[in-house]
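Residue numbers (our numbering): 2 to 506.
For each residue, glycine too, the CB sits at the ideal point set by N, CA and C.
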Amino acid sequence: MSHQGGEWGSWHSPEPKHWARSTRHHRTARRETGPVASPAVRVRFAPSPTGFFHVGGARTALFNWLFARHHGGTNVLRIEDTDAERGREEWVAGILDALDWIGIDWDEGPFRQSERRHLYQKAAERLYAEGRAYWCECTRASIDERTKANATATPGYDGFCRERGLTGGEGRALRFRTPDEGSTAVADVIRGEPRFDHANLEDFVILRSDGSPVFLLANAVDDIDMSITHVIRGEDHLSNTPKTLLLWDALDGGPHPVFAHVPLLVNERGQKLSKRRDKVALEDYRDQGILPEAMRNYLGLLGWAPGDNREMLSVQEMVAEFRLEDVKSSPAFFDERKLLHFNGEYIRALPVDEFVTAARPFLDAGSWATGDFDESAFEALAPLVQERVRTLAEVPAMVDFLFLSQAPIEDKAWDKRVVRGAAAAELLAGAADAYGSCEWSATALHEVTATLGEAHGLGLAKAQFPIRVAVTGRDVGPPLFESLVVLGRERSLERLRSALARLEG
RNA sequence: GGCCCCAUCGUCUAGAGGCCAAGGACACCACCCUCUCAAGGUGGAGACACGGGUUCGAAUCCCGUUGGGGCUGCCA
């Protein structure tokens, strides 16, 4: 496919240093409410399927998406699966699922580099034919050996095969011949214009010895072919950008795209998030009961802020106000505690029926027998549960007493509130008696229990504890009297008697 | 080692030379509200890495130092 790309020259015309910063407007002057007409903005998100899709990738995808939507541009999804060794089909599906989950869609793709190899092949042939690339038979081992032997050598490829005139063949990789002099500057909206001396760039591999293309080549070829105007990606790619640009020019890619190297997401030690050592998989958060809206909102605020003190932003608000120039340049720590807070806010803001629906999968995994779940009982308590959880995964423990044949007594709570609780036996006996005849409503139960407590010199707070533990098994949970009402008189009385028996026995 | 990037409360950030004796949010502490737990309310502690410049004036600009990170792969 090829997209006509002539219209966007103004995006990367040479400008004075720090032009990006200089285009900032006063915050008050940039209240925009919808897509902004911009010359054919085309961005791409290009994940590689080498593991679970993680939050850093999600953030990059989000920024690309926000930028595209803000400008009414085109968002392209491209799967960079040029490494057959490491890529796996299930990871591709995982990426698609995850993007769908947080509400990111795309206008073109998903394209797969594994299906576009002929393009890279063609580009490589051209570079070789024009003397911009050469075949090399050095192995990693032989390169390292030479580096070791020469004390003054800097690590890396030394250009050993540069002038040997080798032809392609078994065990030979194609290397790009980097210029020995000069430098390349990267026009970066976030970082100004970092400049790299060509002398520091080694001749890098663009075609592996098995003929497959390497990331740098495929990336440049595709960005040119897809007429990408803005490359928004992690800062870890910044150092390789001059190589990309050198390829870009060698392939006559035309004007360079504008880059935006977004700050990395780091762990508590300040290192970039790694799939291997950090908890980062988006699906883990989904399974933990994080709402996609909360995740999206939180992720959007990592490295970017709207400029006033608002934090809870609708996706529409983010689209309307997202500006690449406002993205910070320093790394951000992914703080799960703050995510949890956002999630609690989003859960409480849900209409009850949506909360019930969202909680369903987590309820299905509850500890009770599958047939014992009672939809209407849950719905009756749902509003009270909703305002007490921070994740959907916390829901089952709040309502399990409704669906289990007996109260799931927690040892700690039992010991503290019943065994060692003030007048526990009397309160349980009193409740078993009074609850048998009073009106079965929250207000009536409230009154009866308060009276019962007074008889033993206890306030309601203290008096309700033994009853709560006897009936729900725990000393925390939804309001007790509403819980009793939903549980029903008979089952409640049964649990009070059972607790008395247990206490005495 | 070389190259590049970065540097405001513990964390995410506001800040684009005077509006900042630095504001908000999460977390933390105290109190209030309260049938538990949450939620909510009020208050508190808590930061411009350091050193030089430029300027009447610097968290904001420049240089250096220190610290951190990234890249340096026939990974992306």
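Rounded Cβ spacing between G304 and V328 (contact assumed at less than 8 Å): On the first sequence, residue 304 is found 303 positions in, with the first residue counted as 1. On the first sequence, residue 328 is found 327 positions in, with the first residue counted as 1. The distance from the Cβ of G304 to that of V328 is about 5 Å, consistent with a contact at the 8 Å cut-off.
Exposure of E491, with buried meaning 16 or more beta-carbon neighbours within 10 Å: Reading the first sequence from its first residue, position 490 is the one you call residue 491. The residue in question, E491, is exposed, as its Cβ has fewer than 16 Cβ neighbours within 10 Å.
Whose C-beta lies closer than 6 Å to the C-beta of Q289 among residues of the same chain, with five residues either side of it excluded? In the first sequence, residue 289 corresponds to position 288, counting from 1. Once the five neighbours on either side are set aside, the close Cβ partners of Q289 are T392, A394.
Rounded to a whole number of angstroms, what is the C-alpha to C-alpha distance between G474 and T371? One-based indexing of the first sequence puts residue 474 at position 473. One-based indexing of the first sequence puts residue 371 at position 370. Rounded to whole angstroms, G474 to T371 spans 20 Å at the Cα level.
Quick one, which of L246, R173, V190, G169 has its alpha-carbon nearest D198's? Counting from 1 along the first sequence, the entry for residue 198 is found at position 197. When only C-alpha atoms are compared, the closest one is L246.
In the structure shown, what three-state DSSP assignment does R165 receive? Residue 165 sits at position 164 when you count from the first residue of the first sequence. Three-state DSSP puts R165 in coil, outside helix and strand.
If distances are taken between C-alpha atoms only, which option among I207, R127, H257, G95 comes closest to V187? Working through the first sequence from its first residue, we reach residue 187 at position 186. Nearest in C-alpha terms to V187, of all of I207, R127, H257, G95, is H257.
Inter-residue spacing [alpha-carbon to alpha-carbon] between H72 and A154: For the purposes of this step, residue 72 is identified with residue 71 of the first sequence, where counting begins at 1. For the purposes of this step, residue 154 is identified with residue 153 of the first sequence, where counting begins at 1. Note on geometry: alpha-carbon atoms of H72 and A154 lie some 48 Å from one another.
Got a sec? Which residues, its chain only, sit under 7 Å from T148 by beta carbon, not counting five neighbours each side? Along the first sequence, one-based indexing puts residue 148 at 147. Cβ neighbours of T148 beyond the five flanking positions: A154, P156.
Could you tell me if H119 is buried or exposed, where buried requires 16 or more neighbouring beta carbons within 10 angstroms of its beta carbon? As a first step, residue 119 must be located in the first sequence, where it is residue number 118. Counting every other CB atom within 10 Å of its CB across the protein chains shown gives H119 a total below 16, marking it as exposed.
Who are the near neighbours of D401 in its chain, counting only those whose CB is closer than 7 Å to its CB and skipping five residues on each side? Within the first sequence, numbered from 1, the residue matching residue 401 stands at position 400. G367, S368, W369, P409.
For L382 versus V487, is the C-beta distance shorter than 8 Å? Counting from one through the first sequence, the residue named residue 382 turns up at place 381. Counting from one through the first sequence, the residue named residue 487 turns up at place 486. Yes. Within cutoff.
Under three-state DSSP, which class holds N65? For the purposes of this step, residue 65 is taken as residue 64 along the first sequence, with counting starting at 1. Looking at N65 - three-state DSSP - the assignment turns out to be helix.
Close Cβ partners of L302 (< 7 Å) along its chain, the five nearest in sequence each way excluded: As a first step, residue 302 is located in the first sequence; it is residue number 301 there, counting from the start. Within the same chain, L302 has close Cβ partners E312.
In terms of DSSP beta bridges, what is A261 paired with? Here the question's residue 261 lines up with position 260 in the first sequence. In DSSP, A261 forms a bridge with I233.
Which residues in the same chain have their Cβ closer than 7 Å to the Cβ of P50, if we skip the five residues on either side of it in sequence? As a working note, residue 50 is residue 49 in the first sequence. Contacts found: I80, D82, G88, R89, W92, V93, I96.
Which partner residues of L175 appear in the DSSP bridge assignment? The residue labelled residue 175 in the question sits at position 174 within the first sequence. W136, L208.
Same chain, Cβ closer than 7 Å to G460, five either side skipped, listed in chain order: Looking up residue 460 in the first sequence gives position 459. The residues are G454.
Just to check my reading of the structure: P125 and S213 have Cβ atoms closer than 8 Å, yes? What is that Cβ distance to the nearest angstrom? For the purposes of this step, residue 125 is taken as residue 124 along the first sequence, with counting starting at 1. For the purposes of this step, residue 213 is taken as residue 212 along the first sequence, with counting starting at 1. Reading off the sequence, residue 125 comes out as Ala, not Pro. Between S213 and A125 the Cβ distance is about 10 Å, and since that is not below 8 Å, they are no contact.
Outcome for T185 when other beta-carbon atoms lying within 10 angstroms are tallied against a minimum of 16: Taking the first residue of the first sequence as position 1, residue 185 is located at position 184. Buried.
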